[in-house]
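Peer 1:
Protein chains: 6
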Amino acid sequence: MFGLTVRDHMMIAHSFNGEVFGPAQKLHGATYVVDVTFERHQLDEDDLIVDIGLASEVLKDILSEFNMKNLDEIPELAGRNTTTEFMARMVFDRVARAIHEGRLGETGRGIASLKVTLSESHIAWASYHAGI
Amino acid sequence: MFGLTVRDHMMIAHSFNGEVFGPAQKLHGATYVVDVTFERHQLDEDDLIVDIGLASEVLKDILSEFNMKNLDEIPELAGRNTTTEFMARMVFDRVARAIHEGRLGETGRGIASLKVTLSESHIAWASYHAGI
Amino acid sequence: MFGLTVRDHMMIAHSFNGEVFGPAQKLHGATYVVDVTFERHQLDEDDLIVDIGLASEVLKDILSEFNMKNLDEIPELAGRNTTTEFMARMVFDRVARAIHEGRLGETGRGIASLKVTLSESHIAWASYHAGI
Amino acid sequence: MFGLTVRDHMMIAHSFNGEVFGPAQKLHGATYVVDVTFERHQLDEDDLIVDIGLASEVLKDILSEFNMKNLDEIPELAGRNTTTEFMARMVFDRVARAIHEGRLGETGRGIASLKVTLSESHIAWASYHAGI
Amino acid sequence: MFGLTVRDHMMIAHSFNGEVFGPAQKLHGATYVVDVTFERHQLDEDDLIVDIGLASEVLKDILSEFNMKNLDEIPELAGRNTTTEFMARMVFDRVARAIHEGRLGETGRGIASLKVTLSESHIAWASYHAGI
Amino acid sequence: MFGLTVRDHMMIAHSFNGEVFGPAQKLHGATYVVDVTFERHQLDEDDLIVDIGLASEVLKDILSEFNMKNLDEIPELAGRNTTTEFMARMVFDRVARAIHEGRLGETGRGIASLKVTLSESHIAWASYHAGI
Chain A
-8 MFGLTVRDHM
2 MIAHSFNGEV
12 FGPAQKLHGA
22 TYVVDVTFER
32 HQLDEDDLIV
42 DIGLASEVLK
52 DILSEFNMKN
62 LDEIPELAGR
72 NTTTEFMARM
82 VFDRVARAIH
92 EGRLGETGRG
102 IASLKVTLSE
112 SHIAWASYHA
122 GI
Chain B
-8 MFGLTVRDHM
2 MIAHSFNGEV
12 FGPAQKLHGA
22 TYVVDVTFER
32 HQLDEDDLIV
42 DIGLASEVLK
52 DILSEFNMKN
62 LDEIPELAGR
72 NTTTEFMARM
82 VFDRVARAIH
92 EGRLGETGRG
102 IASLKVTLSE
112 SHIAWASYHA
122 GI
Chain C
-8 MFGLTVRDHM
2 MIAHSFNGEV
12 FGPAQKLHGA
22 TYVVDVTFER
32 HQLDEDDLIV
42 DIGLASEVLK
52 DILSEFNMKN
62 LDEIPELAGR
72 NTTTEFMARM
82 VFDRVARAIH
92 EGRLGETGRG
102 IASLKVTLSE
112 SHIAWASYHA
122 GI
Chain D
-8 MFGLTVRDHM
2 MIAHSFNGEV
12 FGPAQKLHGA
22 TYVVDVTFER
32 HQLDEDDLIV
42 DIGLASEVLK
52 DILSEFNMKN
62 LDEIPELAGR
72 NTTTEFMARM
82 VFDRVARAIH
92 EGRLGETGRG
102 IASLKVTLSE
112 SHIAWASYHA
122 GI
Chain E
-8 MFGLTVRDHM
2 MIAHSFNGEV
12 FGPAQKLHGA
22 TYVVDVTFER
32 HQLDEDDLIV
42 DIGLASEVLK
52 DILSEFNMKN
62 LDEIPELAGR
72 NTTTEFMARM
82 VFDRVARAIH
92 EGRLGETGRG
102 IASLKVTLSE
112 SHIAWASYHA
122 GI
Chain F
-8 MFGLTVRDHM
2 MIAHSFNGEV
12 FGPAQKLHGA
22 TYVVDVTFER
32 HQLDEDDLIV
42 DIGLASEVLK
52 DILSEFNMKN
62 LDEIPELAGR
72 NTTTEFMARM
82 VFDRVARAIH
92 EGRLGETGRG
102 IASLKVTLSE
112 SHIAWASYHA
122 GI
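Protein chains in written order, with the numbering used here: chain A, -8 to 123; chain B, -8 to 123; chain C, -8 to 123; chain D, -8 to 123; chain E, -8 to 123; chain F, -8 to 123.
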């Protein structure tokens, strides 16, 4: 399996619901360094997994939905805890949709699976990895 | 698959047996930066893989068995070479046991697999990855 | 000059005032990975710059004033923009005060200068470096 | 599964063919930081995945075929785009061959699979992962 | 002293003249991860060292002079060895000029010194640090 | 000021004397990732700070005095605590001596100062920086 990863980041505010979160129940924030890995079984005819420039643009566009925002105020996320693992899934879903819509080009449709990793600090990160 | 990783470290002395080890047959030491990834198929009802605070505490407790010690003097490890890959397995076994004992909470029992990575330097690291 | 650095982090929400900040004028957040370097001209009689365990504890205590908080709600910071560089200075001032109060031990008073670096992402960080 | 990774690097010039590459169609270059992960199901009798010294030597030898070269002038690569993902596969093939030839020792033949990752910058990397 | 660093990168081909360079006398290449630190004694009225968005844009613009190019073909660099340390100086000169021309804004003129670091691999980097 | 840094590492065992060290009074160990920065005011006639190949060789040779050893058994270090900061000074002294002896070449004598940093983990490192 081939994999290509591109990195970007987003800076968000949020709070959590539930005793398990302790002090994180109050409004705080995070920088998420976001790594998206595009996986496919064979390279395309240009010897590429995906057009890296296009992949970076699409990722930046996807992250702009969350970047510089308070996640508590985004209707779609209401009633959920926007944990690092949950947000990895949110980014995954949007990248998968972009591929299906052809936003990563025609050969981008050859992508078989994705892994999205969000690093919240130098000592903790979370990921979601699945076929698309 | 969802994954959450927490990082800690331990500083140990040890020596190896066998010609393949060359100068490492003499007493020397290592810092192991330890990454433990907890994997599960679905998030729990709090949108979590595992309580990250609890996971970090349990990991620190597990590493305290080895940290600031000479591994050559730990009876359980006698007769084995405490290589980076071997120690990854030792940490794996202890984290798996902690999960089975409920030390990562009731929802922690939903964890399906673990990956433990020990980095011995900026140019070498080893891991053990398996279901639990 | 000798230097010893310890690393920790804090996760905060905040917003900025001023057109120069663009979208960062809205409530968002950041993880700050915090590196504090303690500098002195000679090692103490134990061949140390500072007791690293004590230094780590004091740093964690200092960061707890900001960690898991909305900086916009901290009275002392009112009317300021809590930029990465500004917060580096805030942490610097608190570490310097801790040294002067003897919280890093008697030999800790031998520290001549400090550098505090806050990394806000993989592509941006800020620091404050001065004598104390 | 156990995994052991060793890191080295190579510095190459190359150019690409195809409009998708934009400005990268002109002669430019890259540092590839190369991580090779050796995977096996059980450790050998020395509690090793592979002799790490031998693995590092073999990797350096393999990279010397490309290091400090213009990839456009290597006959075997003619007509291909030497993208990061393509070069990951080139390194993979050579490490696999070295294992089959016994260059990683007799117990090295127990290696089941390899992952080769080439990092081209702090924001992009590619890999190839397969059984051997 | 306050410092703010932004990171970007460039990918170049080049060759060196002189026996000291050994195999690097042939055409090869490098990724340079470029860190520019802006230093000033006091923050501006917005509690900033420099507008980080503007700084990142100016840096990307400066690097575009070299990125995706063969440095051997740039007239201004003729007769010089474009070593990592030499290129750090080239980037330094251009950033300093941009500040003097007001391209980092009016308050950007308060910048006292710059440090430019180019990392060529995980084991080597070079910098130039001076007043402007 | 120009600076060039090369990185290597050593893996050692040691113990400390003094209550301040707590559990580190027992035999344990560390990986030290070692960064040596060579500083000079002007580049040499080849546009170099120092021959990087030579610098790397000399550093590896210097570290071999400590690598894969128990520092408690090295006579020259007897009666001292081989802390990270102390060992940074030990490496500094040896690199400075190598320069004075001409082991970094004739132009290597133009080096004005050195900074040696030893990283003991992902959250702690120490350095010694001085003229030579």
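Using N, Cα and C, we set each Cβ at its ideal position, and we do this for glycine too.
In this text the structure is predicted, and so the values were computed from the model without any measurement.
Once you ignore the five residues that flank Met59 (chain E) on each side, which residues in its own chain have a CB closer than 7 Å to its CB?
Peer 2: Cβ within range, chain order: Met2.
Peer 1: What span of residues does the alpha helix (DSSP H) with Thr75 (chain C) cover, start to end?
Peer 2: That run of the alpha helix (DSSP H) goes 75 to 91.
Peer 1: Check the DSSP bridge columns for Met1 (chain D) and list the partner residues they point to.
Peer 2: In the DSSP output, where bridge partners are listed per residue, Met1 (chain D) has D:Tyr23.
Peer 1: Measure the alpha-carbon distance for Trp116 (chain B) versus Glu76 (chain B) and round it to whole angstroms.
Peer 2: Near 8 Å, if we compare the C-alpha coordinates of Glu76 (chain B) and Trp116 (chain B).
Peer 1: Do Thr22 (chain A) and Thr74 (chain C) count as a contact pair if the criterion is CB distance below 7 Å?
Peer 2: No, the pair does not count as a contact, with Cβ atoms beyond the cut-off.
Peer 1: Going by DSSP, what residues sit across from Arg31 (chain D) in a beta bridge?
Peer 2: DSSP, once it has assigned bridges, lists D:Phe(-7) as partnering Arg31 (chain D).
Peer 1: Using a Cβ-Cβ cutoff of less than 7 Å, which residues in the same chain neighbour Val(-3) (chain D) once the five nearest sequence positions on both sides are dropped?
Peer 2: Answer for Val(-3) (chain D): Val27, Ile43, Ala46, Ser47, Leu50, listed in chain order.
Peer 1: Could you tell me which chain E residues have their CB closer than 8 Å to the CB of Arg85 (chain C), listed as they occur along the chain?
Peer 2: Per Cβ cutoff of 8 Å: no residues; Arg85 (chain C) is ~17 Å from chain E at best.
Peer 1: Whose CA, out of B:Phe57, B:Arg85, B:Val24, B:Ala87, lies closest to the CA of Ser112 (chain B)?
Peer 2: Among B:Phe57, B:Arg85, B:Val24, B:Ala87, the Cα nearest to that of Ser112 (chain B) is on B:Val24.
Peer 1: What separation, rounded to the nearest whole angstrom, lies between the Cα atoms of Lys106 (chain E) and Arg88 (chain D)?
Peer 2: Lys106 (chain E) and Arg88 (chain D): Cα-Cα distance of roughly 45 Å.
Peer 1: Going by alpha carbons, who is nearest to Asp35 (chain F) out of F:Ala103, F:Phe57, F:Asp52?
Peer 2: Closest by alpha carbon: F:Ala103.
Peer 1: Whole angstroms are fine: how far does the CA of Asn72 (chain D) sit from the CA of Glu67 (chain E)?
Peer 2: Rounded to whole angstroms, Glu67 (chain E) to Asn72 (chain D) spans 30 Å at the Cα level.
Peer 1: Give a yes or no on whether the minimum CB-CB distance between Ile40 (chain B) and chain A is below 7 Å.
Peer 2: Yes, Ile40 (chain B) counts as interfacial toward chain A.
Peer 1: Output the distance between the C-alpha atoms of Phe78 (chain C) and Ile65 (chain F), rounded to the nearest integer angstrom.
Peer 2: It should be pointed out that residue 78 (chain C) corresponds to Met in this sequence rather than to Phe. Their Cα atoms are separated by approximately 44 Å.
Peer 1: Kindly indicate the opening and closing residues of the alpha helix (DSSP H) around Val11 (chain A).
Peer 2: Counting along the chain, Val11 (chain A) falls outside any alpha helix (DSSP H), and DSSP gives it neither H nor E.
Peer 1: Is any heavy atom of the ligand GTP found at a distance shorter than 6 Å from the C-beta of Ala117 (chain A)?
Peer 2: Ligands are entirely absent from the displayed structure, and the ligand GTP is therefore not among its contents.
Peer 1: To which residues of the same chain is Lys17 (chain B) closer than 7 Å at the C-beta, ignoring the five residues directly before and after it?
Peer 2: So the qualifying residues of the chain are Ser6.
Peer 1: Is there a Cβ of chain D sitting closer than 7 Å to that of Gly(-6) (chain A), yes or no?
Peer 2: Chain D, which has a Cβ nearer than 7 Å to the Cβ of Gly(-6) (chain A), makes this yes.
Peer 1: Specify, as a first and last residue, the run of the beta strand (DSSP E) that Gly122 (chain C) falls within.
Peer 2: Taken as a continuous stretch (DSSP letters only), the beta strand (DSSP E) holding Gly122 (chain C) covers 115 to 122.
Peer 1: Within its chain, find whatever has a CB closer than 8 Å to the CB of Leu54 (chain A); leave out the 5 residues flanking it on each side and keep chain order.
Peer 2: The residues are Asp(-1), His0, Met1, Val25, Val82.
Peer 1: Show which residues of chain A have a CB atom less than 8 Å away from the CB atom of Arg(-2) (chain B).
Peer 2: Those are His113, Ile114, Ala115, listed as they occur along chain A.
Peer 1: Would you mind telling me which residues of chain D sit closer than 8 Å to Ile43 (chain A), beta carbon to beta carbon, in chain order?
Peer 2: Neighbours of Ile43 (chain A) on chain D, chain order: Ala115.
Peer 1: Using 10 angstroms around the beta-carbon of Glu30 (chain B), count the other beta-carbons present and answer buried if the total reaches 16, otherwise exposed.
Peer 2: Burial call: buried.
Peer 1: Could you run through the segment 16 to 42 of chain F and flag, in chain order, every residue whose CB is less than 9 Å away from some CB of chain C?
Peer 2: Result list empty, no residue passes.
Peer 1: Could you name the residues that DSSP lists as bridge partners for Val107 (chain E)?
Peer 2: DSSP, once it has assigned bridges, lists E:Val27, E:Tyr119 as partnering Val107 (chain E).
Peer 1: Is Ser55 (chain C) helix, strand or coil when you go by DSSP?
Peer 2: DSSP places Ser55 (chain C) in coil when its eight states are reduced to three.
Peer 1: If you count every other CB in all the chains shown that lies within 10 Å of the CB of Gly9 (chain A), and 16 or more means buried, which is it?
Peer 2: When all chains shown are included, Gly9 (chain A) counts as exposed.
Peer 1: For chain A, check one thing: does any of its Cβ atoms lie closer than 7 Å to the Cβ of Ser118 (chain D)?
Peer 2: So yes, Ser118 (chain D) belongs to the interface.
Peer 1: Using the Cβ count rule (16 or more neighbours within 10 Å means buried), how would you classify His19 (chain D)?
Peer 2: Buried, since its Cβ has 16 or more Cβ neighbours within 10 Å.
Peer 1: List the residues of chain A whose Cβ lies closer than 8 Å to the Cβ of Gly13 (chain D), in chain order.
Peer 2: Those are Gly44, listed as they occur along chain A.
Peer 1: Whose C-beta lies closer than 6 Å to the C-beta of Ile40 (chain B) among residues of the same chain, with five residues either side of it excluded?
Peer 2: Correct list, in chain order: Phe(-7), Leu(-5), Phe29, Arg31.
Peer 1: I need the straight-line Cα distance from Glu92 (chain B) to Tyr119 (chain B), nearest angstrom please.
Peer 2: Their backbone Cα atoms lie some 21 Å apart in a straight line.
Peer 1: Can you tell me whether Asp52 (chain B) is buried or exposed, with buried defined as 16 or more other CB within 10 angstroms of its CB?
Peer 2: The residue is exposed, with fewer than 16 neighbouring Cβ atoms inside 10 Å.
Peer 1: Note down the Cα distance separating Asp38 (chain C) from Thr108 (chain D), rounded to an integer number of angstroms.
Peer 2: Roughly 41 Å between the two C-alpha positions.
Peer 1: What residues of chain B sit near Ile53 (chain F), judged by a beta carbon separation below 8 Å?
Peer 2: Simply none; closest approach about 16 Å.
Peer 1: Does any residue of chain D bring its CB to less than 7 Å from the CB of Asn61 (chain E)?
Peer 2: With 7 Å as the cut-off, Asn61 (chain E) counts as an interface residue toward chain D.
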